[in-house]
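Down below is the structure, laid out as structure tokens.
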Amino acid sequence: MHKKLLLTSFLLLLLVKISGQSKEKVIDDYFNALVKNQQFSGNVLVVDNNTIVYERSFGFSDHVTKAPNTSGITFPIASISKIFTATAILQLKEKGLLKITDPVTKYLSGFPYPEIKIRHLLSHTSGLPPYNAFFDKEQKENPDKVFTNKDFLPGVIANRQPIAYQPGEKGNYDNINYLILALIVEKVSGMPYEKYIKRNILKPARMKETVLFPLPEQFNRVEIKNFAFPHIYLHLYDDEPVKSNSIPYVKGYWHSYAFRGFADYISTIRDLWKFDKALYNNTLLKQETLEEAFVPVKLNNGKNNPDEFGLGWEIEKDSTMGKLVYHSGAAMGLSSNILRNVTKHQTVILFDNAHFNAHENATKVMMLLNGKKVETPKKSIAKIYGNILLNKDKTEARETLERLRKDTLNYYLSENEMNTLGYDFMGSSNPYHLPEKHFYKQAVETFKTNVDLFPHSWNVYDSYAEALLENGQKEEAINMYRKSIELNPDNENGKKVLEGLLGKQKK
Numbered sequence: 001m002h003k004k005l006l007l008t009s010f011l012l013l014l015l016v017k018i019s020g021q022s023k024e025k026v027i028d029d030y031f032n033a034l035v036k037n038q039q040f041s042g043n044v045l046v047v048d049n050n051t052i053v054y055e056r057s058f059g060f061s062d063h064v065t066k067a068p069n070t071s072g073i074t075f076p077i078a079s080i081s082k083i084f085t086a087t088a089i090l091q092l093k094e095k096g097l098l099k100i101t102d103p104v105t106k107y108l109s110g111f112p113y114p115e116i117k118i119r120h121l122l123s124h125t126s127g128l129p130p131y132n133a134f135f136d137k138e139q140k141e142n143p144d145k146v147f148t149n150k151d152f153l154p155g156v157i158a159n160r161q162p163i164a165y166q167p168g169e170k171g172n173y174d175n176i177n178y179l180i181l182a183l184i185v186e187k188v189s190g191m192p193y194e195k196y197i198k199r200n201i202l203k204p205a206r207m208k209e210t211v212l213f214p215l216p217e218q219f220n221r222v223e224i225k226n227f228a229f230p231h232i233y234l235h236l237y238d239d240e241p242v243k244s245n246s247i248p249y250v251k252g253y254w255h256s257y258a259f260r261g262f263a264d265y266i267s268t269i270r271d272l273w274k275f276d277k278a279l280y281n282n283t284l285l286k287q288e289t290l291e292e293a294f295v296p297v298k299l300n301n302g303k304n305n306p307d308e309f310g311l312g313w314e315i316e317k318d319s320t321m322g323k324l325v326y327h328s329g330a331a332m333g334l335s336s337n338i339l340r341n342v343t344k345h346q347t348v349i350l351f352d353n354a355h356f357n358a359h360e361n362a363t364k365v366m367m368l369l370n371g372k373k374v375e376t377p378k379k380s381i382a383k384i385y386g387n388i389l390l391n392k393d394k395t396e397a398r399e400t401l402e403r404l405r406k407d408t409l410n411y412y413l414s415e416n417e418m419n420t421l422g423y424d425f426m427g428s429s430n431p432y433h434l435p436e437k438h439f440y441k442q443a444v445e446t447f448k449t450n451v452d453l454f455p456h457s458w459n460v461y462d463s464y465a466e467a468l469l470e471n472g473q474k475e476e477a478i479n480m481y482r483k484s485i486e487l488n489p490d491n492e493n494g495k496k497v498l499e500g501l502l503g504k505q506k507k
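Pasting the structure below:
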């Protein structure tokens, strides 16, 4: 009998070990596929019931020097910083120093929106416009001025803007809410925001690698030790990203706005895990406070906020794996995510310093951790096609596209991506205000290919017409606008352009 029990115990332990290895392998296979496809560069940590299941680093912290990402490297966590601010507010609530139903005016004298309560700020249901709505005019008049938290309240009072909707009527995620919460933390605690966070969150959680590093410094310093620089792929056809701090527009934007409270911290995956553990063991907040924070707020009509925001945390609608709460972060050239299964004590922490899909990848990793299947990451045909079209010729580009589209297991073809590629060649999509590059021949060829691939889409004909017009092919453009309107009689912009072209023809 004793031998049977020992054998049973051994088999169970072996099964657990094999299961753990299997989870590690499927997660590793997933990330290796992402990296092979140039779809991930960063760090990932996967924890199941306080045990590390998977931890690995990929890609470069600096694509110029080819310095690698490592497990101990610091990453900008961007808006994950908001959960520090939310935790601070909830701590002050637990101490009886404020109520989340209190109006902001109770703590910030002169704040011109008496109807907005702390709860509205925590859940992004305040209705406030972005902070630049209050300061852009002055910033344009004084381009060298740097706006800080001290400027915020006087600026809002002096330049009052209408709210987009009544507080609590709907949700709209915006940094301004957490800037105001940071001011409330300072007012109620009597200490600077950074000092409060360090003393009441970072120190109790033993987070020694997490520090406040203002965005203007993150995006304006050329060299930073042990730091994963944000990077941006400027065009879909690009093979290599550029460092965000090499782009004047990016540097200029964050030079002007040095507000704090919503995106200021850098951390490591291990240090952010310490924060996660401090929440699980109630070092930072009581369990009943966390449970309140992890419930979507009710709007004025009694329904849940469609964005599923609680008090500082987002809540996943799908609860088949357990209750999932998370917060994402994103800035120009990076994304981050902490995803927590509070039912099973599982956590995924993910940093990426060259892509914007951290939450999507964290969710898929959580699925793999729970034995669910996810699709193997596929490579973009549009990206490959664009690179060949720019650097070689259209014949090779088209032949490659036709060959790869047959391999649906490893490649995907997207109408929208092909359209984006066409506009990249035209130089029309330039969100970073760089000197424009125009490759009209490649743009025309890309849109022509997209028409061949998706002949029933009115939008591809409209885009093709636009490129033909830019390339001086007026007659062909007229034909494409006609085809687009035939497929979509509601294409009002196409009608307007076509009318103008036909009018010029008559003259």
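Under UniProt numbering, the first residue of the sequence shown is numbered 1, with each subsequent residue one higher. Glycine is no exception: its CB is placed at the ideal position from the N, C-alpha and C atoms. Since we're looking at a predicted model, the values are computed, not measured.
In the pairwise beta carbon analysis, the region 299–307 is classified as not touching the region 266–286: fewer than three pairs are separated by under 8 Å. The residue among Leu-183, Phe-40, Val-342 with its C-alpha nearest the C-alpha of Lys-106 is Leu-183. Taking the Cα positions, Lys-137 is about 10 Å away from Asn-159. In this structure, the CA atom of Thr-70 is about 43 Å from the CA atom of Gly-168. Residue environment analysis places Ile-52 among the exposed positions, since fewer than 16 neighbouring C-beta atoms fall within 10 angstroms of its C-beta. Per DSSP, reduced to three states, the secondary structure at Glu-138 is helical. Lys-23 and Asn-357 have their alpha carbons spaced roughly 22 Å apart.
Exclusion of the five residues before and after Thr-85 leaves Tyr-178, Leu-181, Ala-182, Gly-261 as the residues of its chain whose Cβ lies within less than 6 Å of its Cβ.
Rounded to the nearest whole angstrom, the CA to CA distance from Leu-92 to Leu-108 is 16 Å. Going by DSSP, His-120 is part of the alpha helix (DSSP H) stretching over 118–122. Of all C-beta pairs linking the region 466–476 to the region 427–443, three or more are shorter than 8 Å, placing the two stretches in contact. Each residue's CA atom was taken as its position, placing Lys-145 and Tyr-257 some 9 Å apart. Looking at the backbone, the Cα of Ser-79 and that of Glu-209 are separated by about 17 Å. Straight through space, the alpha carbons of Ile-163 and Asn-172 are spaced by roughly 11 Å. Per DSSP, the beta-bridge partners of His-231 are Lys-243. DSSP places His-327 within a strand segment (E or B) once states are collapsed to three. Distances from the CA of Leu-97 to each of Leu-128, Ala-33, Ser-189, Gly-155 were compared; the closest alpha carbon is that of Ser-189. Considering only Pro-431, Gln-39, Ile-478, the residue with the shortest C-alpha distance to Pro-248 is Pro-431. Nearest C-alpha to Leu-468 among Ala-382, Ser-457, Tyr-481, Leu-368: Tyr-481. Exclusion of the five residues before and after Tyr-385 leaves Ala-397, Leu-401 as the residues of its chain whose Cβ lies within less than 6 Å of its Cβ. One Cα belongs to Glu-486, the other to Trp-458, and the distance between them is close to 8 Å. Burial is judged here by how many other beta carbons sit within 10 angstroms of a residue's own beta carbon; Val-64 has fewer than 16 and is exposed. According to the DSSP assignment, Val-444 belongs to the alpha helix (DSSP H) that extends over 440–453.
Secondary structure at Pro-154: helix, using DSSP grouped into helix, strand and coil. Ranked by how close their Cα comes to the Cα of Lys-364, the residues Ile-338, Gly-155, Ser-380 have Ile-338 in first place.
Around Pro-216, the same chain offers Trp-254, His-255, Ala-258 as residues with beta carbons nearer than 6 Å, after the five sequence neighbours per side are excluded. Non-local beta-carbon contacts of Arg-221 in its own chain, meaning distances under 6 Å to residues more than five positions away in sequence, are absent. Pro-192 and Phe-40 have their alpha carbons spaced roughly 36 Å apart.
For Phe-84, the enclosing alpha helix (DSSP H) has its first and last residue at 82–94.
Looking only at Lys-36, Ala-465, Glu-194, Leu-45, the smallest Cα-Cα distance to Ala-477 is reached by Ala-465. Here His-235 has Asp-424 as same chain residues with Cβ atoms under 6 Å from its own Cβ, once five neighbours each way along the sequence are excluded. Between Leu-311 and Ser-81, the C-beta spacing is not below 8 Å. The shortest C-alpha to C-alpha distance from Ile-349 to any of Met-366, Gly-333, His-355, Thr-343 is the one to Met-366. Contact between Ser-484 and Gly-494 holds: their C-beta atoms lie close to 5 Å from each other, under 8 Å. A distance below 8 Å separates the beta carbons of Leu-368 and Val-26.
For Tyr-265, the enclosing beta strand (DSSP E) has its first and last residue at 265–267.
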